[in-house]
Amino acid sequence: MFHKIDMETWPRREHYQYYQEKVKTCYQVNVNLDVTKILKRCKKKELKFYPVMIYAIMQGINQNQEFRMALDADGNLGYYDICHPSYTIFHEDDKTFSDIWTAYDEDFKRFYPSAVSDMKHCKKVKGIKAKEGKPAAFTPISCAPWLHYTSISHDTPGPNHMYFPIITFGKYEEQNGKILLPFSVYVNHSVADGYHTAKLVNDIQAICNDCKHWIKL
1 MFHKIDMETW PRREHYQYYQ EKVKTCYQVN VNLDVTKILK RCKKKELKFY PVMIYAIMQG
61 INQNQEFRMA LDADGNLGYY DICHPSYTIF HEDDKTFSDI WTAYDEDFKR FYPSAVSDMK
121 HCKKVKGIKA KEGKPAAFTP ISCAPWLHYT SISHDTPGPN HMYFPIITFG KYEEQNGKIL
181 LPFSVYVNHS VADGYHTAKL VNDIQAICND CKHWIKL
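Per the numbering used here, the sequence shown runs over residues 1 to 217.
So this is what it looks like as structure tokens:
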């Protein structure tokens, strides 16, 4: 469901208009997530890390209204109840990728097999869009598992009302006894400030740390 924002009472109205009309700004935040606990849990339960990490990201997204925002057909700003992951899969044979999606479910026991099934079904489907029917409320997620990077940036020209964040993560590596994952969030400043992005990242980190309570397959 889409909820229209009341511009007369919204505390960020002036900020939204400023970054929407005067200084059209997007920004990128790069951090290292500590995935020591969640990776250990995946190995113990014999689960694939990629769909597990997608679930953790989407749980964080769906806890933060600022990252579920969009315009409706009439151009009204609002937010969706939930967003669904739209993520990339890699085709080893020709080194191309495809974008697929999985319906988000708060219950990890239902989400994980759905994501694994979507990945398996689309494994040999070539082209940028390999699964039809993607909902309007989605979060783009990409993984570059070949590289442990320190920073990444996006040059993504397009309409200034592209409000969903773009999330990328890379290859995890062990450093000083911890397993760190390079993690990046590309944000439209019209709808989210540094505080909101920091909260999102911290929420995702907390979800990863708390994995024992939701990874129970």
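Backbone N, C-alpha and C define an ideal beta-carbon position, used for all residues, glycine too.
When the options are compared against residue i, the one with the closest alpha-carbon
i	options	result
P11	K199, D193, V52, I128	D193
R68	Y163, K109, D34	Y163
I128	L217, I100, L200, Q20	I100
Q205	N188, Y195, F183, I215	F183
K124	T25, D94, P113, N32	D94
A103	C26, K40, D72, G133	G133
Y112	V185, D203, T197, I215	I215
E21	T197, N209, H189, F169	H189
T197	K212, I167, N176, L180	I167
V29	K178, I207, Y149	Y149
P165	L47, C26, A136, Y18	C26
H91	C143, K45, V31, H154	C143
K126	A73, K120, F97	F97
Exposed unless 16 or more other CB atoms sit within 10 angstroms - verdict on residue i
i	result
H84	buried
R110	exposed
L200	buried
D118	buried
Q59	buried
V191	buried
L217	exposed
M53	buried
Y186	buried
A56	buried
V23	exposed
Under the three-state DSSP convention, the category residue i falls into
i	result
S218	As displayed, the chain neither begins before 1 nor continues past 217, which places residue 218 out of reach and without an answer.
A73	coil
V201	helix
T168	strand
Y163	coil
C26	strand
Neighbourhood of residue i by C-beta, 7 Å cutoff - its chain only, sequence neighbours within 5 removed
i	result
M7	R13
W234	Because residue 234 is not part of the residues shown, which for the chain are 1 to 217, the question remains open.
F108	Y55, W214, I215
Same chain only: Cβ atoms within 8 Å of residue i, ignoring 5 sequence neighbours per side
i	result
S86	D99, I100, W101, K134, F138, T139, P140, I141
N76	K4, I5
E173	H148, I179, L180
Contacts around residue i, its chain only, beta-carbon distance under 6 Å, and the 5 residues preceding and following it disregarded
i	result
A115	P51, T102
I61	F67, C83, T139
M1	D81
Contact test: residue i Cβ vs the ligand FMN heavy atom, cutoff 8 Å
i	result
L39	Looking for the ligand FMN in the displayed structure turns up nothing, as the structure carries no ligands at all.
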